[in-house]
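Colleague: Once you've had a glance at the structure underneath, I'll fire off some questions.
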Amino acid sequence: MDSDKGITLVVSADIVTMNPEQPSADAMAVSGDRIVAIGSESEVRAAIGDYAKFYNLEGRTIVPGFIESHDHMYMSSSQYVVTDVTPFTTPTLAAALEEIKHSEPDEEGWIVGFGADQQLYEEKKGPTRDLLDDLFPNTPVVIFHLSGHGAFVNSVALQRAGVDETTPDPQGGYYEKDKTGRLTGYLSGQPAVYTVKNFPNPTPEIARLAAEARAAKGVTTASEFAIMNIFVLEGLQEATNSPDFPVRMVGGLFSTIPDFEEIAPRLKNYENDLFKIPFIKTWTDGSIQGGTGHLTEGYHHHGMGGEGAIGSQDFFNKQVLRMYELGYWPAIHTNGDGAVDVALNAIEYAQKTLGNKAAKTIRPQLIHVQYTRPGQIERMAELKAYPTFFTTHVYYYGDTHYETTLGPERAQRLSAMADAFRAGVKPAMHNDPPVTPVDPLLNMWIAVKRQSKSGRVLGADQAITPQQALEAYTINAAYQFGMEKDAGSLEAGKYADFVVLDRNPLEVDPDEIRNIHVLATVRGGMVTYADVPEYDRIDPPVKKR
1 MDSDKGITLV VSADIVTMNP EQPSADAMAV SGDRIVAIGS ESEVRAAIGD YAKFYNLEGR
61 TIVPGFIESH DHMYMSSSQY VVTDVTPFTT PTLAAALEEI KHSEPDEEGW IVGFGADQQL
121 YEEKKGPTRD LLDDLFPNTP VVIFHLSGHG AFVNSVALQR AGVDETTPDP QGGYYEKDKT
181 GRLTGYLSGQ PAVYTVKNFP NPTPEIARLA AEARAAKGVT TASEFAIMNI FVLEGLQEAT
241 NSPDFPVRMV GGLFSTIPDF EEIAPRLKNY ENDLFKIPFI KTWTDGSIQG GTGHLTEGYH
301 HHGMGGEGAI GSQDFFNKQV LRMYELGYWP AIHTNGDGAV DVALNAIEYA QKTLGNKAAK
361 TIRPQLIHVQ YTRPGQIERM AELKAYPTFF TTHVYYYGDT HYETTLGPER AQRLSAMADA
421 FRAGVKPAMH NDPPVTPVDP LLNMWIAVKR QSKSGRVLGA DQAITPQQAL EAYTINAAYQ
481 FGMEKDAGSL EAGKYADFVV LDRNPLEVDP DEIRNIHVLA TVRGGMVTYA DVPEYDRIDP
541 PVKKR
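Residue 449 in the UniProt record's numbering sits at position 449 of the sequence shown, and the numbers go up by one each step.
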């Protein structure tokens with residue numbers, strides 16, 4: 001749009017503002033990176049006078065830019081430099097093995113892939129040690145699990161790491177064994193994975209590719225909740241120092257980062273106009289589908305995985321209290337209901353220890369919140385803790401949760417968003433890339449329809465309205481990120497962060513929400529994605545008034 005060169009006028013638009021004081025509009029004016037007027041065309045023209053650019057959207061829909069409230073944009077960008085075997089691109093294990101077979105070793109001599117998932121492949125199996133040995137008997141192989149909480153490796157990789165059948169399992173993970181006690185090559189949980197191989201480091205250049213991919217889906221604010229070392233911090237800072245970077249970034253520093261006490265007080269030094277770091281991240285359990293979720297009643301199939309949190313209640317109490325003391329907002333990974341209990345207990349401990357002032361100024365975020373018991377969300381409301389739901393699990397993993405991990409009854413409470421809206425906790429939702437690909441409109445459809453891949457409806461009573469689904473990806477997510485004064489709705493004075501859609505998600509048949517097409521994305525008045533050329537040029541030519 002180049003709106004820094006004068007006012008840009010947008011007319012004949014179907015604008016969904018997400019501002020309850022002015023829910024709709026048909027015209028908007030942008031100057032620099034901000035909206036300067038919004039309303040009827042006559043009102044906006046009267047407010048701005050002359051303008052430099054003009055767009056006639058011919059009735060197309062504008063909504064606020066989507067905010068990915070739990071993302072790994074920087075770290076997941078490494079997918080671009082490893083072999084892609086996600087079930088979204090290779091739906092069968094056979095196809096994944098074929099991709100792995102034709103992979104070339106990296107500069108360290110490893111075959112590295114990403115995205116294997118024994119639950120989502122049609123064969124319901126993963127690339128185990130023996131299968132990888134057949135392909136590469138003399139070369140180390142690691143295929144990271146889609147969840148980010150596991151990996152498949154071959155014998156050479158295990159040997160290099162010094163892991164064998166006598167190696168004790170690390171806390172928070174395990175080395176899977178078959179019935180005979182032999183290692184299968186599957187490493188469950190990050191503590192087990194990282195004893196063998198770390199995920200490849202991303203770069204600022206690769207991060208731009210990931211940002212462009214998000215802009216193509218309508219995302220104007222992404223996030224990185226895996227700031228696990230100084231190199232990630234510096235890479236994010238370098239990437240976002242470019243004023244034309246496609247998305248804004250919100251960060252979360254790992255509580256386990258080396259030299260945490262030295263780095264945490266200096267986080268603000270890494271911020272810039274596009275990159276803010278309000279959060280410190282910790283996790284109280286792993287992945288339910290990966291066998292490391294903390295479920296108070298255990299797994300539906302008891303052999304599926306372990307039980308319990310990654311650490312004691314006292315450990316998390318001290319962690320979260322330290323976050324409060326430093327003035328950062330806790331971002332706590334919680335998949336199972338037991339993990340939610342641990343997180344809420346820690347938040348309550350910090351608030352009681354520091355008093356009401358801390359409770360008013362700090363907004364803790366609960367991440368994923370896949371399974372909650374009735375009453376836990378009401379407790380979130382009491383503690384002013386805000387959930388962002390991993391709603392795509394209902395679609396991608398719903399059948400697995402119904403049949404294997406949670407069972408038919410508990411699976412009805414996957415991503416209990418209706419309860420969250422009733423409790424007033426401003427729920428958001430996310431995709432958690434690279435576990436599931438960024439697609440806000442698909443996520444909204446899932447939250448409204450509650451259908452698994454097989455068409456099974458899970459928790460019809462937890463379905464939300466299209467309006468609520470859009471709130472979760474815009475104004476609610478902005479609130480969770482502390483951006484509500486600048487983003488999340490289209491109002492004069494706020495960022496010109498918006499998406500042009502071919503249809504209105506609040507007016508189409510709900511079945512069609514997932515099929516709505518992103519025509520253009522604008523971040524701070526700058527076009528970051530345009531599907532058709534006319535959204536990035538003056539059309540028609542204008543004369544100043």
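For each residue, glycine too, the CB sits at the ideal point set by N, CA and C. This one's a predicted model, so the numbers in the text were calculated from it and none came from an experiment.
1. Taking 8 Å as the limit between beta carbons, can you name the residues of its chain near MET18, skipping five residues before and five after?
2. Helix, strand or coil: how does DSSP classify THR391 here?
3. Kindly give me the distance between the Cβ atoms of GLY189 and GLY286, rounded to whole angstroms, as I take these residues to be in contact under 8 Å.
4. How far does the beta strand (DSSP E) with TRP329 in it extend, from its first residue to its last?
5. Can you name the start and end residues of the beta strand (DSSP E) that ALA222 belongs to?
6. With GLU512 as the anchor, note down where its alpha helix (DSSP H) starts and where it stops.
7. Measuring only the C-alpha atoms, how far is THR203 from THR240?
8. Any idea what DSSP makes of TRP110, helix, strand or coil?
9. Helix, strand or coil: how does DSSP classify ARG34 here?
10. Only counting the same chain, and skipping five residues up and downstream in sequence, which positions put a Cβ closer than 8 Å to that of SER40?
11. So the beta strand (DSSP E) PRO64 belongs to, where does it begin and stop?
12. Check the C-beta distance from ASP133 over to SER103 and give it rounded, since I have them as a contact under 8 Å.
13. Look at the alpha carbon of GLY493 and the alpha carbon of TYR51, and state the distance between them as a whole number of angstroms.
14. Which residues in the same chain have their Cβ closer than 7 Å to the Cβ of ALA460, if we skip the five residues on either side of it in sequence?
15. Alpha helix (DSSP H) containing ILE48: first to last residue?
16. Going by the CB atoms, is the gap between ALA192 and TYR174 shorter than 7 Å?
17. Comparing the C-beta of TRP283 with each C-beta of chain E, is any distance below 7 Å?
18. Can you tell me whether DSSP reads THR240 as helix, strand or coil?
19. DSSP on LYS544, reduced to helix/strand/coil?
20. Once you ignore the five residues that flank ASP536 on each side, which residues in its own chain have a CB closer than 6 Å to its CB?
21. DSSP state of GLU212, grouped into three classes?
22. Where do the N-terminal and C-terminal ends of the beta strand (DSSP E) with ALA151 fall, by residue?
23. Going by DSSP in three states, TYR535 sits in which element: helix, strand or coil?
24. Starting from the C-beta of ASP439, find all residues in its chain whose C-beta is less than 7 Å away, skip the five residues before and the five after it, and write them out in chain order.
25. Please check the pair THR334 and LEU366, which I expect to be a contact at CB under 8 Å, by giving their CB distance rounded to whole angstroms.
26. So, for THR465: in the same chain, excluding its five sequence neighbours on each side, which residues have a beta-carbon less than 8 Å away from its beta-carbon?
27. Taking the straight line between their C-alpha atoms, what separation do you get for VAL247 and ALA211?
28. On the DSSP bridge assignment, give the partners of ILE67 in chain order.
29. Leaving aside the five residues before and after residue 589 along the sequence, list all residues of the same chain whose C-beta is less than 7 Å from its C-beta, in chain order.
30. For the alpha helix (DSSP H) that contains ASN317, what are its first and last residues?
31. Among the candidates GLU325, PRO330, TYR402, TYR371, whose CA atom is the shortest distance from the CA of SER454?
32. Note down, in chain order, each residue of its chain lying with its Cβ closer than 6 Å to the Cβ of PHE66, except the 5 sequence neighbours on either side.
33. Do you know how far the Cα of ALA381 is from the Cα of residue 564?
34. Could you please give me the residues that DSSP links to PHE144 through a beta bridge?
35. Are TYR371 and ARG422 close, meaning C-beta to C-beta below 7 Å?
36. Looking at THR400 and PRO119, is the spacing between their C-beta atoms short of 7 Å?
Modeller: Let me spell this out:
1. Numbered from 1 along the sequence shown, position 18 holds the residue referred to as residue 18. When the five nearest sequence neighbours on each side are left out, the beta carbons in the same chain lying within less than 8 Å of the beta carbon of MET18 are those of VAL63, PRO64, LEU470, GLU471, THR474, ILE475, GLY488, SER489, LEU490, in order along the chain.
2. Within the sequence shown, the letter at position 391 stands for residue 391. DSSP, read as helix, strand or coil, puts THR391 in coil.
3. Along the sequence shown, read from residue 1 onward, the residue named residue 189 stands at position 189. Along the sequence shown, read from residue 1 onward, the residue named residue 286 stands at position 286. Contact between GLY189 and GLY286 holds: their C-beta atoms lie close to 5 Å from each other, under 8 Å.
4. Taking the first residue of the sequence shown as 1, we reach residue 329 at position 329. That run of the beta strand (DSSP E) goes 329–334.
5. For the purposes of this step, residue 222 is taken as residue 222 along the sequence shown, with counting starting at 1. Following the DSSP letters along the chain, one finds ALA222 inside the beta strand (DSSP E) bounded by residues 219–227.
6. Counting from 1 along the sequence shown, the entry for residue 512 is found at position 512. Counting along the chain, GLU512 falls outside any alpha helix (DSSP H), and DSSP gives it neither H nor E.
7. To locate residue 203, count along the sequence shown from 1; it is residue 203. To locate residue 240, count along the sequence shown from 1; it is residue 240. Answer to the nearest angstrom: the Cα atoms are 12 Å apart.
8. Position 110 of the sequence shown, counted from the first residue, corresponds to residue 110. Coil, per DSSP.
9. Locating residue 34 in the sequence shown gives position 34, counting from the first residue. Note: ARG34 maps to strand in three-state DSSP.
10. Numbered from its first residue, the sequence shown carries residue 40 at position 40. Cβ within range, chain order: ALA25, ASP26, ALA27.
11. Indexing the sequence shown from 1 puts residue 64 at position 64. The continuous beta strand (DSSP E) containing PRO64 extends over residues 61–64.
12. Taking the sequence shown and counting its residues from 1, the one referred to as residue 133 is at position 133. Taking the sequence shown and counting its residues from 1, the one referred to as residue 103 is at position 103. Incorrect: roughly 15 Å between the Cβ atoms, too far for contact.
13. Here the question's residue 493 lines up with position 493 in the sequence shown. Here the question's residue 51 lines up with position 51 in the sequence shown. Pairing GLY493 with TYR51, the inter-Cα distance amounts to about 17 Å.
14. On the sequence shown, position 460 is the one that residue 460 refers to. In the same chain as ALA460, and ignoring 5 residues on each side of it, the C-beta atoms closer than 7 Å to its own belong to ARG450, in chain order.
15. Here residue 48 is taken as the residue at index 48 of the sequence shown, counted from 1. Here the alpha helix (DSSP H) through ILE48 covers 41–48.
16. Stepping through the sequence shown from its first residue, residue 174 is reached at position 174. Stepping through the sequence shown from its first residue, residue 192 is reached at position 192. Taking 7 Å as the Cβ cut-off, TYR174 and ALA192 qualify as a contacting pair.
17. Although the question refers to chain E, the structure presented lacks it and comprises just one protein chain.
18. Taking the sequence shown and counting its residues from 1, one reaches residue 240 at position 240. Residue state, collapsed to three classes: helix.
19. The residue given as residue 544 occupies position 544 in the sequence shown. Per-residue confidence for LYS544 stands at a pLDDT of 34, beneath the threshold of 50, marking its modelled position as unreliable; no derived number is given.
20. One-based indexing of the sequence shown puts residue 536 at position 536. Below a pLDDT of 50, predicted positions are generally treated as unreliable, and ASP536, at 46, falls in that range; the measurement from the model is reported next regardless. Within its own chain, the residues whose Cβ lies closer than 6 Å to the Cβ of ASP536, once the five positions on either side in sequence are excluded, are VAL527, ALA530, listed in chain order.
21. Reading the sequence shown from its first residue, position 212 is the one you call residue 212. GLU212: helix per DSSP, three-state reduction.
22. Reading the sequence shown from its first residue, position 151 is the one you call residue 151. For ALA151, the enclosing beta strand (DSSP E) starts and ends at 150–153.
23. As a working note, residue 535 is residue 535 in the sequence shown. Caution is warranted here: a pLDDT of 49 is assigned to TYR535, below 50, making its placement in the model unreliable, and the coordinate value is therefore given only provisionally. Helix, per DSSP.
24. By one-based count along the sequence shown, residue 439 stands at place 439. Answer for ASP439: LYS217, ASN431, listed in chain order.
25. Counting from 1 along the sequence shown, the entry for residue 334 is found at position 334. Counting from 1 along the sequence shown, the entry for residue 366 is found at position 366. The C-beta distance from THR334 to LEU366 rounds to 5 Å, short enough to meet the 8 Å contact threshold.
26. For this step, residue 465 is matched to residue 465 along the sequence shown. Cβ neighbours of THR465 beyond the five flanking positions: VAL448.
27. The residue you call residue 247 lines up with position 247 of the sequence shown. The residue you call residue 211 lines up with position 211 of the sequence shown. Approximately 6 Å between the Cα atoms of the pair.
28. For the purposes of this step, residue 67 is taken as the residue at position 67 of the sequence shown. Paired residues: THR221.
29. With the chain represented from 1 up to 545, any question about residue 589 goes unanswered, as that position is not in the structure.
30. Within the sequence shown, numbered from 1, the residue matching residue 317 stands at position 317. 313–326 is the extent of the alpha helix (DSSP H) around ASN317.
31. Residue 454 sits at position 454 when you count from the first residue of the sequence shown. Closest option to SER454, Cα to Cα, is TYR402.
32. As a first step, residue 66 is located in the sequence shown; it is residue number 66 there, counting from the start. Cβ within range, chain order: GLY218, VAL219, PRO440, TYR473.
33. Lying before the first or after the last residue shown, residue 564 is absent from the chain, which here runs from 1 to 545.
34. Here residue 144 refers to the residue found at position 144 when the sequence shown is read from its first residue. In the DSSP assignment, the residues bridged to PHE144 are PHE114, ALA151.
35. On the sequence shown, residue 371 is found 371 positions in, with the first residue counted as 1. On the sequence shown, residue 422 is found 422 positions in, with the first residue counted as 1. In this structure, ARG422 does not lie closer than 7 Å to TYR371 by Cβ.
36. One-based indexing of the sequence shown puts residue 119 at position 119. One-based indexing of the sequence shown puts residue 400 at position 400. Looking at the sequence shown, residue 119 is not Pro but Gln. Yes, these two residues count as a Cβ contact at 7 Å.
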